[in-house]
Amino acid sequence: MGQPLFRGQKGFTLIELLAVMAILGILAALVAGSIVGLGSQGQSTRLDGDRDSIAKAANRFFVESFPETYPVVSLDDTDDSVEPDTDLNVRVIDFTARLPQDPTKKFVPDFLGDIPNSSALVEWRIDTDSGNVFFANAGSLLIKPSNNRLDIEAATREPGVASDHTLELSMAKDESALKILKVSVPAGYSMAGRFDTAGTLLGVLNATLATDNEVDPGNTIHFGGVLISTAEANEFNLVVDYNDSVSTSGSGTAGDGTTLEYKGSTDAVRFHTVTLTPPAGDSGGELTLEVDLGDDGEQNLATENWELGTGNWELGTDHFR
0 MGQPLFRGQK
10 GFTLIELLAV
20 MAILGILAAL
30 VAGSIVGLGS
40 QGQSTRLDGD
50 RDSIAKAANR
60 FFVESFPETY
70 PVVSLDDTDD
80 SVEPDTDLNV
90 RVIDFTARLP
100 QDPTKKFVPD
110 FLGDIPNSSA
120 LVEWRIDTDS
130 GNVFFANAGS
140 LLIKPSNNRL
150 DIEAATREPG
160 VASDHTLELS
170 MAKDESALKI
180 LKVSVPAGYS
190 MAGRFDTAGT
200 LLGVLNATLA
210 TDNEVDPGNT
220 IHFGGVLIST
230 AEANEFNLVV
240 DYNDSVSTSG
250 SGTAGDGTTL
260 EYKGSTDAVR
270 FHTVTLTPPA
280 GDSGGELTLE
290 VDLGDDGEQN
300 LATENWELGT
310 GNWELGTDHF
320 R
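Just so you know, numbering that gives the first Met the number 0 puts the end of the sequence shown at 320, numbered straight through with nothing missing.
Here it is in C-alpha cells:
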C-alpha cells in the first residue's frame, strides 16, 4: 500500500482521524457488543477459528451430499420470528444434520469433530448462496452480515502536511444494519478532541439511497448531514435529517407525486455519536461510531452510500462544493 499517509503527522482534525480507518484496514461493522463469556482477544481468536473450521466442514458436507445441500435447519423448522419478509437464503447451521443419501454420516462428528463451545454463546449461520459462514445473536433475523466497504481519498499525500480527506462508506441492501463501528488508532498520532464551542462544523455528510430503495423505487434519494463538536471533550455528533431529502424523480416528492418521507416524521433526525480515546505515549487509542437506528429494523432496506468530507451540502446535488 506504500507509505502510510499520516506517519508522524501531528494535529489531526477529526476528519483526518477518521481516515485512519481505511489506512489500518480494520473497519468492523458489529451487529452487537462483546459476546458474553468471551474476552475481547479471546472472542476474536476463538470465533475466527471456529468459523474457519465450520466453513471447511460445511463445504465438505455440501460436496458429499446428494442432492447438494448444506447442514442447516430447514426454513419449515425455523421460528417465524427470525424470518425476514423476503427469504435471503440464510440458514442456521444444524450440527446434527445427516447426509441425505447416507443418514449414518452426521455433520458432527463425521465432518466436524465437535460442536464448538462458541455455539453456546452465538448462533452459527451460513449464506447458502455463497457458502459464507458467520455468527449472530440467537433470535436475530436471518439476514446476511455487514460487508461494508470504506474508501478514502486524500487531498494531498505530502508527508507532514495536514490534508483534507473524503471518506466513502458503502452498505449493501439486505445486509445487517451498521450499529457500532470500532477502530483502533495506533500510538504516535496527535489529535485534538476538544473545541471551544459546541456545534463547530467539522465535516459534511453526503448520502444516497440507490434505486433499490423501497421509498421511491427506481429513483435515487439524496440526503445529508453534518459532523459537529459537542460540549464534551472527545465526543462528536453526526447529525442527519433523513427526511430533508430529494429524489431524482422530483424535489421532495416520490415518483407517484406523494411527499417523500424516508423515515417516520418523529424519527427522522438522528444523532449518531462519535467518541474518541486519543493515543497517549506508547498506547494506542480508539474511535467509535455508534449509529442511532431509531425505529429501523435489523437489515438495510436499500444500498446506501455515505460520503463524509469538507464542504457544503446542497440538496438536489450529489457532490461537495
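In this text, a Cβ means the ideal position worked out from N, Cα and C, and glycines have one as well. As the structure is a computational prediction, the values presented were derived from the model and not from experiment.
Between the C-alpha atoms of residue i and residue j, what's the straight-line distance to the nearest angstrom?
| i | j | result |
| --- | --- | --- |
| K104 | Q298 | 36 Å |
| F61 | D47 | 21 Å |
| L180 | S169 | 13 Å |
| V273 | N136 | 25 Å |
| L286 | D295 | 24 Å |
| A267 | T207 | 15 Å |
| S282 | T44 | 22 Å |
| T77 | G112 | 25 Å |
| D84 | L74 | 13 Å |
Can you tell which of the options has the C-alpha that lies nearest to the C-alpha of residue i?
| i | options | result |
| --- | --- | --- |
| L166 | D150, D109, K172 and V239 | D150 |
| F106 | E303, D93 and G296 | D93 |
| L288 | D281, F235, A267 and G249 | F235 |
| S244 | S80, N233, P70 and V214 | V214 |
| P70 | A267, E306 and R97 | R97 |
| D51 | F134, S139, V81 and D109 | F134 |
| E306 | E231, S139, E152 and V182 | E152 |
| V132 | E231, V89 and K172 | V89 |
| K172 | T210, D101, G198 and L201 | T210 |
| D126 | I53, N233, V182 and T265 | I53 |
Output needed for residue i: all residues of its chain with C-beta closer than 6 Å, excluding positions within five of it in sequence on either side, in chain order.
| i | result |
| --- | --- |
| H271 | L237, V290 and D291 |
| G280 | none |
Could you tell me how far apart the beta carbons of residue i and residue j are, in whole angstroms, since I believe they sit closer than 8 Å?
| i | j | result |
| --- | --- | --- |
| E122 | V91 | 6 Å |
For residue i, which residues from the same chain have a beta carbon less than 7 Å from its beta carbon, with the 5 sequence-adjacent residues on both sides left out?
| i | result |
| --- | --- |
| E174 | I142, K143, P144, S145, N146, Q298 and N299 |
| D99 | Residue identity check: residue 99 is Pro in the sequence provided, not Asp. Hits under 7 Å: S64, F65, P66 and T68. |
| A176 | L292, D295, E297, Q298 and N299 |
Which partner residues of residue i appear in the DSSP bridge assignment?
| i | result |
| --- | --- |
| I330 | Here the chain covers residues 0 to 320 and nothing more, so residue 330 does not appear. |
| E167 | D150 and E306 |
| L204 | G224 and L307 |
| F134 | W123 |
| T274 | E234 and T287 |
| G249 | S246 |
| V62 | BP columns for V62 are empty, so no partner. |
| V91 | R124 |
| R269 | V239 |
| L98 | D101 |
| E297 | According to DSSP, which records beta bridges pairwise, E297 is partnered with nothing at all. |
| A279 | S282 |
Chain B beta carbons: is any one of them nearer than 7 Å to that of residue i?
| i | result |
| --- | --- |
| L180 | The structure shown has no chain B; it contains just one protein chain. |
Given 6 Å as the limit, tell me if residue i has its C-beta closer than that to any heavy atom belonging to the ligand FAD.
| i | result |
| --- | --- |
| A176 | Looking for the ligand FAD in the displayed structure turns up nothing, as the structure carries no ligands at all. |
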